[in-house]
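One structure is given below, encoded as structure tokens.
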Amino acid sequence: MRKKIFYSINFVITFLLLSCSNEIDPSKPLPSFEGINVDKNTIFVLDRDDVRYHYIYAIDTVKNKIFYSYKFDGIFLGSIVYNYSFDIDGLYVNFIDGRVVRICLSEGKVGEFNIDSNVECIGIFDGKLFLTPCKPGLKNVPVVYSTYDPIRHIFSSVTLPEGIFYPTSYYTSNNGSLLISLSFYGEPPELYDFTNNFIIDSFELTKTFNFIGGYQLRENYLLGLYEEKENTYNIAIYTLNYDNGICQFDYKFSHIEDFMFFDFLIIDHWMYLIGRTKIVIRDINNNYNIVNQIKLIDGGENSVYYLNNFFWIPSQQYNGVYKINPDDLSVEVIR
Numbered sequence: 452m453r454k455k456i457f458y459s460i461n462f463v464i465t466f467l468l469l470s471c472s473n474e475i476d477p478s479k480p481l482p483s484f485e486g487i488n489v490d491k492n493t494i495f496v497l498d499r500d501d502v503r504y505h506y507i508y509a510i511d512t513v514k515n516k517i518f519y520s521y522k523f524d525g526i527f528l529g530s531i532v533y534n535y536s537f538d539i540d541g542l543y544v545n546f547i548d549g550r551v552v553r554i555c556l557s558e559g560k561v562g563e564f565n566i567d568s569n570v571e572c573i574g575i576f577d578g579k580l581f582l583t584p585c586k587p588g589l590k591n592v593p594v595v596y597s598t599y600d601p602i603r604h605i606f607s608s609v610t611l612p613e614g615i616f617y618p619t620s621y622y623t624s625n626n627g628s629l630l631i632s633l634s635f636y637g638e639p640p641e642l643y644d645f646t647n648n649f650i651i652d653s654f655e656l657t658k659t660f661n662f663i664g665g666y667q668l669r670e671n672y673l674l675g676l677y678e679e680k681e682n683t684y685n686i687a688i689y690t691l692n693y694d695n696g697i698c699q700f701d702y703k704f705s706h707i708e709d710f711m712f713f714d715f716l717i718i719d720h721w722m723y724l725i726g727r728t729k730i731v732i733r734d735i736n737n738n739y740n741i742v743n744q745i746k747l748i749d750g751g752e753n754s755v756y757y758l759n760n761f762f763w764i765p766s767q768q769y770n771g772v773y774k775i776n777p778d779d780l781s782v783e784v785i786r
């Protein structure tokens with residue numbers, strides 16, 4: 452089938468770490484690497500499955516080959532961000548001890564960000580690299596976020612009024628307003644108009660959502676996690692329309708499956724629900740019915756990445772990466 456891709460060519464699916472660790476010795480020296488050449492067909496994939504070593508694979512998606520591996524010995528990684536159009540020569544890495552570094556790809560040098568707080572999550576938002584601090588989301592407690600502009604090489608800050616914002620998903624309205632999710636410790640998430648600086652309080656959803664991860668926003672969809680019964684979590688999907696401070700929702704379906712770490716992607720009229728160990732396809736044009744699914748053999752600690760019409764998932768079992776075709780979920784191992 453012919454696919455229409457709605458995301459930028461370097462769209463990366465990032466799963467969040469919901470707690471920060473300080474168990475790693477911050478005095479451990481940062482590694483250095485060889486310089487590499489990249490282009491718009493390069494994708495970086497994080498493999499976190501090993502108990503001692505974490506790896507980042509640089510993959511040529513045209514030649515189907517891993518052409519360089521970044522090995523971290525005893526330095527554990529939480530997430531990575533790379534976007535060719537955002538910073539062609541910069542790979543950003545968030546360690547689980549709260550540090551953030553930029554790897555200069557052409558030289559292999561690793562430079563650490565000098566910021567005041569430990570960082571839980573990084574992502575590209577509003578044209579900058581957003582760094583979410585390791586703090587619980589609390590009502591009426593403002594949080595300061597560091598941001599980095601790679602073009603001007605400038606750090607700045609943004610203050611949000613309460614909760615915690617994970618800069619991995621957002622909604623853009625027809626008039627250009629950015630809508631984000633604020634997460635709270637022990638409370639349902641909220642929606643916040645980032646462009647106009649106010650909390651959206653005039654909407655109702657049919658499910659009571661848990662605080663874990665907040666809402667996921669993609670295109671005109673909202674996905675939330677709710678507790679079906681004690682310690683059993685399911686997801687619910689709504690379509691979203693936002694204009695002039697008013698949110699309108701249309702409930703579509705619930706997915707009765709544990710997707711504790713989840714994301715989703717819209718390609719043409721297909722919705723891909725992506726968990727740590729499973730990918731499920733639903734047909735938007737056919738009442739969101741399930742049309743295919745695949746269980747991942749060893750994707751439990753890793754994220755799913757998307758570039759050039761394929762999913763890319765690290766595989767410790769094969770010392771490589773799974774390349775998955777979204778059309779039929781067929782799998783090829785890349786080394």
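If you want our numbering, it's the position in the sequence shown, counting the first as 1, plus 451.
All residues carry an ideal CB built from backbone N, CA and C; glycine is no exception.
List the whole-angstrom C-beta distance separating I573 from L582, where the pair is believed to meet the contact cut-off of C-beta under 8 Å.
That belief holds up - the Cβ atoms of I573 and L582 are roughly 5 Å apart, short of 8 Å.
So for N740, helix, strand or coil by DSSP?
strand
Counting along the chain, where does the beta strand (DSSP E) carrying H706 start and finish?
I697 to H706
When you compare each of W763, T728, L758 and M722 to L747 by their alpha carbons, which one comes out closest?
Among W763, T728, L758 and M722, the Cα nearest to that of L747 belongs to T728.
Considering Cα atoms alone, identify which of D501, F484 and I707 is closest to L676.
The residue among D501, F484 and I707 with its C-alpha nearest the C-alpha of L676 is I707.
So, is S632 buried or exposed, given that buried needs 16 or more other C-beta atoms within 10 angstroms?
buried
For Y757 and N534, the rounded distance between their alpha carbons
Each residue's Cα considered, the two are about 12 Å apart.
Whose C-beta lies closer than 7 Å to the C-beta of V502 among residues of the same chain, with five residues either side of it excluded?
none
For F645 and G665, what's the separation of their Cα atoms in angstroms?
Each residue's Cα considered, the two are about 15 Å apart.
Output needed for P587: all residues of its chain with C-beta closer than 6 Å, excluding positions within five of it in sequence on either side, in chain order.
Y636
Cβ-heavy atom distance between P593 and the ligand HEM below 6 Å?
Of the ligands one can find in the structure shown there are none, so the ligand HEM has no counterpart to examine.
Under 7 Å Cβ to Cβ from R453, same chain only, skipping five residues before and after it: list those, please.
Confidence at R453 is low in this model, with a pLDDT of 35, below 50, so the placement of that residue is unreliable and no value is reported for it.
V561 vs L497 beta-carbon contact at 7 Å
no
Using a threshold of 7 Å, state whether the C-beta atoms of L668 and F715 are closer than that.
no
What residues are listed by DSSP as bridge partners for L673?
Answer is L668 and Y689, bridged to L673.
Is I631 helix, strand or coil when you go by DSSP?
strand
Confirm, please, whether the CB-CB distance from G541 to P618 is below 7 Å.
No, the Cβ-Cβ distance between P618 and G541 is not below 7 Å.
If you drop the 5 nearest sequence neighbours on each side, which residues of the same chain put their C-beta closer than 8 Å to that of P593?
T610, L611, P612 and E613
Would you please state the rounded distance, in angstroms, between the beta carbons of N759 and P777? I believe it to be under 8 Å.
Actually they do not touch by this definition, with Cβ atoms about 11 Å apart.
List the DSSP bridge partners of E641.
L633
Between which residues of its own chain and Y519 is the CB-CB distance below 6 Å, once the five residues before and five after are set aside?
I487 and A509
Short of 6 Å in beta carbon distance, which residues of its chain neighbour E783, apart from the five on each side in sequence? Order them along the chain.
K774
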